[in-house]
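Line order of the protein sequences matches chains G and Y.
For the first sequence, position 98 (counting from the first letter as 1) is numbered 98 according to this note's numbering, and the numbering increases by one without interruption.
For the second sequence, position 171 (counting from the first letter as 1) is numbered 1171 according to this note's numbering, and the numbering increases by one without interruption.
We treat Cβ as the ideally placed atom computed from N, Cα and C, and that holds for glycine.
The structure displayed is predicted, hence computed values, not measured ones.
Read the structure below first, then the notes.
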Amino acid sequence: MALLEIENLTKHFFRLSALSRVSLSVEPGELLGVIGPNGSGKTTLFNCVTGVLRPSDGHVRFRGEDITGLTADTVYRRGIARTFQLIQLFPEMTVLENMLVAAQEKRGTLLSRLLRREEAETTTRALELLEFLGIAGLKESLASNLSYGQQKLLDFGMALMSDPQLILLDEPMAGVNPTMIKNLVGHILELNARGYTFVVIEHNMEVVMSLCRRIVVLSQGERIAEGTPAEIADNPLVLDAYFGR
Amino acid sequence: MADFVQLSVAGVSIGAIYAMAAIGFVLLWQTSNTINFAQGEFVVLPAFAMVLFFVIFRLPFAAAMLATVLVSTLLLGWGVKQLLVTRLLRMGVLPLVIATIGLSLLIRYSLQQFWTPLALPFPAIFSRDPIRLGTIVVSLEEIGNIVFAAVVIGALQLFITRTKLGWAMQAVAQNRTLASVLGINVSRLVTITFMLNAALTAVAAILIAPVYLVKYDIGIGLGLKAFYAAIIGGFNQIRGALLGGLLVGVVETLSAAYISSHFRDAFALVILIAVLLLKPEGIWGVKEEWAS
């Protein structure tokens, strides 16, 4: 069974249709790439899946359960985490606190959250992840004082805190220097090898081709192609969408 | 000099009460983008409740206090969040601002119409006997107010910085969208914030009732002072609201004593204008570059 099934997903903003009848599925353990020119609906797709936006029509199923239209916090607790195109952090908290906030609502009653600040195991997990990402030394720094690349890593780390079954990355390489790209690609591949499933929106074709074995192409809100990197590179519809031949 | 110290203590004592209302104001703004123009009435209504429970029903003081905080938390916290905020918040800041102005009028004139347009006396909680420290004379009431407010504000600070729920509140204040995609139920947190605010204003009401008389229209001045205090100290910082509240209290007490009691409200306004001109984010505020 597919981990995530998107069926005829549609989103209108007033009369503008940002997504029209997009369907795709993500298999467990996969690393799926989503590409397309600017404004093709990639981020809207993520927003509709994660409950940031309510889709106008269509269905999203996760592990066989319909999650269409659930609120963002519910979707997260079902096991889908995401990052944003523009880095999103809690600027006035430390790196470690950012990580702990990301974990806090996963379980626990109102009372336990009122009484205890953190569970030891949550902190251990946060520190392990920071270690894995190579920013453990910064755990006490304020998030707003980190460099862009470090913030990107923290953003990524926060998405991993809940041990999600599916991680949606929205342009993880945007604005990142080549060394950091290598670093991030390495982390994604390693996590994927450990069994994490990813969907990655990315403009950097080199990265997409090296990460993903399957790619879905969106253009003007519609799904226009799907295939292996080689198939996509030769697909005339895709070239059309990008270069408007 | 002794005069000055005495007046300052009196100013801090009244300022501590303003600070509680101002802190609630800031909490609401941070987690739910609500500018609550009914904050003054959020103090007045519990003050009337206190009169009801303590003076009319003759409950013991602690029980009356508990009942007042409870009623305020339910009615002005949970009730207002469910009836007004949930419906209006998604339409942006302005409809909610207008709604809180309406709410303040509703509470104010309902109390006038259905209870009394007269000022109700309220017995002192703390003794007003003077305490002499050398040449300085202060009253137990002043010290009591300061200590009480300090304990409440200290407890709130611990809640926000030391508990997971408090962290979630900070998270929502700093980045609402991110908080929700990280599993925080923003709507529930807004409810909790409203209840906290109502508890704060109820405590402020209990402390201020013996100082002012309890009257339907004292909320006008109180609400404005909480608003000044929040702006002067910094709208996005609890410590800012605390500082602003104390400053407004001290300045109005000193200016009433040394200049003229007619001008007591004017000086807080002068500081407000100066802050807006020189440091618009507030003395202790942070520029909101990260607004989401």
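Distance, Cα to Cα, D1217 (chain Y) vs A159 (chain G)? 51 Å
Host alpha helix (DSSP H) of F1061 (chain Y) (start-end): F1061 to S1072
Roughly how far, in whole angstroms, is the beta-carbon of T1116 (chain Y) from the beta-carbon of V1085 (chain Y), given that I think they are within contact range, below 8 Å? Actually they do not touch by this definition, with Cβ atoms about 30 Å apart.
Give a yes or no on whether the C-beta atoms belonging to V1069 (chain Y) and A1199 (chain Y) are separated by under 9 Å. yes
Take G33 (chain G) as the anchor and find which of G:M173, G:N183 and G:T179 has the nearest alpha-carbon. G:M173
When the cut-off is 9 Å and only beta carbons count, does W1167 (chain Y) lie next to chain G? yes
Is it buried or exposed for K42 (chain G), if we count other Cβ within 10 angstroms and need 16 for buried? buried
Which same chain residues, not among the five before or five after A1274 (chain Y), have their C-beta less than 6 Å away from its C-beta? none
Secondary structure at I1125 (chain Y), three-state DSSP: helix, strand or coil? coil
Cβ of A1171 (chain Y) less than 9 Å from any chain G Cβ? yes
Whole angstroms is fine: what's the gap from V1280 (chain Y)'s alpha carbon to T83 (chain G)'s? Going by the sequence as given, residue 1280 (chain Y) is Pro instead of Val. Their backbone Cα atoms lie some 33 Å apart in a straight line.
Would you please verify whether the beta carbon of G134 (chain G) is less than 9 Å from any beta carbon of chain Y? no
Beta carbon proximity, T71 (chain G) to chain Y, threshold 9 Å: yes
What is the rounded straight-line gap between the Cα of M209 (chain G) and the Cα of P229 (chain G)? 6 Å
With a threshold of 9 Å between beta-carbons, can T50 (chain G) be considered close to chain Y, or not? yes
Which residues does DSSP pair with T10 (chain G) in a beta bridge? G:D57
With a cut-off of 9 Å, does the C-beta of Q1174 (chain Y) fall near any C-beta of chain G? yes
Rounded C-beta distance between L1028 (chain Y) and T1193 (chain Y)? I'm assuming under 8 Å. 6 Å
Is there a Cβ from chain Y that is less than 9 Å from the Cβ of V207 (chain G)? no
Rounding to the nearest angstrom, what Cα-Cα distance links R1108 (chain Y) and Y1228 (chain Y) in this structure? 20 Å
Checking 9 Å against the spacing of the C-beta atoms, do I1259 (chain Y) and L1247 (chain Y) come in under that value? no
Would you call the segment 71–90 of chain G in contact with the segment 46–57 of chain G, where contact means no fewer than 3 C-beta pairs closer than 8 Å? yes
What's the C-alpha gap between T179 (chain G) and A143 (chain G)? 21 Å
Residue range of the unbroken alpha helix (DSSP H) whose run includes D163 (chain G): That residue, D163 (chain G), is in no alpha helix (DSSP H); it is neither H nor E in DSSP.
Does any CB atom of chain Y fall closer than 9 Å to the CB of R82 (chain G)? yes
Neighbouring residues, chain G, relative to S1293 (chain Y) (Cβ below 8 Å): This structure does not reach residue 1293 (chain Y), given that chain Y is present from 1001 up to 1292, and the question cannot be answered.
Look at R15 (chain G) and D57 (chain G) and say whether their C-beta atoms are less than 9 Å apart. no
Please list, in chain order, all residues of the same chain as V1012 (chain Y) whose beta carbon is under 7 Å from its beta carbon, the five residues on each side excluded. I1146, L1246, G1249 and V1250
Strictly under 9 Å for the Cβ-Cβ distance: is L1182 (chain Y) near chain G by that measure? yes
Cβ contact (3+ pairs, closer than 8 Å) linking the segment 1177–1188 of chain Y and the segment 1056–1073 of chain Y: no
Output the distance between the C-alpha atoms of Q220 (chain G) and F156 (chain G), rounded to the nearest integer angstrom. 28 Å
Taking the alpha-carbon positions, what's the L1158 (chain Y) to F62 (chain G) distance? 39 Å
Measure the CB-CB distance between H59 (chain G) and E7 (chain G) and report whether it falls below 9 Å. yes
Roughly how many angstroms separate the alpha carbons of A1291 (chain Y) and T1031 (chain Y), rounded to a whole number? Unreliable placement is indicated for A1291 (chain Y), whose pLDDT of 43 sits below 50; no coordinate value is reported for it.
Quick check: the segment 125–135 of chain G against the segment 90–103 of chain G, are there 3 or more CB pairs under 8 Å? yes
Out of curiosity, what's the CA-to-CA distance linking R1128 (chain Y) and L1278 (chain Y)? 40 Å
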